[in-house]
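In my numbering, the protein residues as written are 884 to 1198. Don't be surprised by glycine CBs; every beta carbon is placed ideally from N, CA and C. In this text, all values refer to a predicted model and were calculated from it rather than measured experimentally.
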C-alpha cells in the first residue's frame, strides 16, 4: 500500500484527535474525551513514521532489478534505504510505551499499537544497520556480500511493518468512527445542534463520502446518497447561522463546500465513464497538488483541506 492511499485515514485521525480539545472548549463533558491522550500518542507515532518508512522502502527497492531476489552487487546505482529522523523515531518510543500503559485500556487499539511499535523498532534497527553499511561503502570491499545478506531480513521487516500498519490504520479508523458518533449523540442530547455538533458531523459525513468515492469500485448510488446527506448537513448548519462572524468557521465552511463540489464532479465522471485526457494524466503523473477535477486525488485533497481547517479551529 502506498503512502497516498493512507492519507484519508491519517487525516481523519488527526481531525479526531484535535476535535477532542475543540469540543471540550464548547463545554462537552470531560468524559467524552476520556482516553484522548492515549489515542493521540498512537496517532502521533503512526503519522510520524508511516510516510518516512514508505519513502524508505521506495528508495531502497528503486535500484534493485528484482526485489524478490535482491541486489547482485553489480548495480551501477546503489541507494541505502532512507532513515527516519530521530524525533520521529522517538514518537514511537517512550510516549508510545507510556500510552500503552495508560488506563483505561483500549482493547481494540492497544494490542494493535503494541505490535506496530515492536515491528517499527525491528525495522528501524534493520534500516539503521543498512544505512551504516551503505554509508561506509563496505559493498565496494566485500564484493557486495553485505548487500545480499541484509536484503532478505530487511524486506521481511518491511513486510511485517506494513502488515502491522494496515491493522493500525484500520483500528484507528474504526475507533475514530465509533467515538465520533458517540460524541455527536452526546452533544446533541446535552447541548443541541451547536457548533461542536456540526463540526463533528461535517467531518464525519465528509469522510464517509470520500471513502465511497475513492473505493476501488465506487458504488455510485451510495455515493450520490451520501453526497445528498453531506450537503443537507452543510445547508442545515448554514440556515442555523452556525459560526456566524467566526472567520475560522468561514474557512472551514468554504472547504466543506469545496468537498461537496469535488464530490459532485467525481460522481459525474463515474456516471459518464469519462477517462482522463492526456493533459490530466500528465498532471497526475507530475505529482502536482492541483489534481484534475473529478479524480480521486482531487476529492482526497479537498477532504484534507477540510480537515486542515477543522484542525486549526480546534487549536
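Discussion item. Can you tell me whether residue 1179 is buried or exposed? The criterion is at least 16 other CB atoms within 10 Å of its CB, across all chains shown.
Written reply: buried
Worksheet item: What residue does the alpha helix (DSSP H) around residue 928 start on, and which one ends it?
Response: If you look at residue 928, you'll find it in the alpha helix (DSSP H) that goes 919–944.
Worksheet item: From 1000, 1007 and 957, pick the residue whose C-alpha is nearest to that of residue 1031; which is it?
Response: 957
Fill in: Backbone secondary structure at residue 976 - three-state DSSP
coil
Worksheet entry | Where residue 1010 sits in the DSSP three-state scheme | Three-state DSSP puts residue 1010 in a helix.
Fill in: Short Cβ contact (8 Å threshold) for residue 1177 with residue 1092
no
Worksheet entry | Under 8 Å between C-beta atoms of residue 1233 and residue 1125 | Outside the shown range of the chain, which is 884 to 1198, sits residue 1233, and nothing can be said about it.
Discussion item. Looking at the secondary structure, which residues open and close the alpha helix (DSSP H) in which residue 1164 lies?
Written reply: 1161–1168
Item to complete: Tell me whether the beta-carbon of residue 1017 lies closer than 8 Å to the beta-carbon of residue 963.
Response: yes
Discussion item. Quick check on DSSP: helix, strand or coil for residue 1185?
Written reply: Residue state, collapsed to three classes: helix.
Fill in: Spatially closest choice to residue 981 from 971, 1000, 966 and 991, by CA coordinates
1000
Discussion item. Does the structure place the segment 1061–1072 close enough to the segment 1096–1111 that three or more beta carbon pairs sit under 8 Å?
Written reply: No, the segment 1096–1111 is not in contact with the segment 1061–1072.
Worksheet item: Exposed or buried, which one is residue 1127 when buried takes at least 16 other CB atoms within 10 Å?
Response: exposed
Fill in: Member of 979, 992, 995 and 1041 whose CA lies at the smallest distance from the CA of residue 1009
Measuring from the Cα of residue 1009, the nearest candidate turns out to be 1041.
Item to complete: To the nearest angstrom, report how far apart residue 1084 and residue 1192 are at their CA atoms.
Response: 14 Å
Worksheet entry | Buried or exposed (CB count within 10 angstroms, at least 16 for buried), residue 945 | exposed
Fill in: Between the CA atoms of residue 1190 and residue 1011 - distance to the nearest angstrom
Roughly 34 Å separates the two Cα atoms.
Practice prompt. Count the other C-beta atoms from every protein chain shown that fall within 10 angstroms of the C-beta of residue 1023, then say buried if there are 16 or more, exposed otherwise.
Written response: Around the C-beta of residue 1023, fewer than 16 other C-beta atoms lie within 10 Å, and the residue is accordingly described as exposed.
Item to complete: Please state whether DSSP places residue 912 in a helix, a strand or coil.
Response: Summary for residue 912: the model assigns pLDDT 43, below 50, so the residue's position carries little reliability; its value from the coordinates is reported in the next sentence. DSSP places residue 912 in coil when its eight states are reduced to three.
Worksheet entry | Within 8 Å, strictly: CB atoms of residue 1141 and residue 1169 | no
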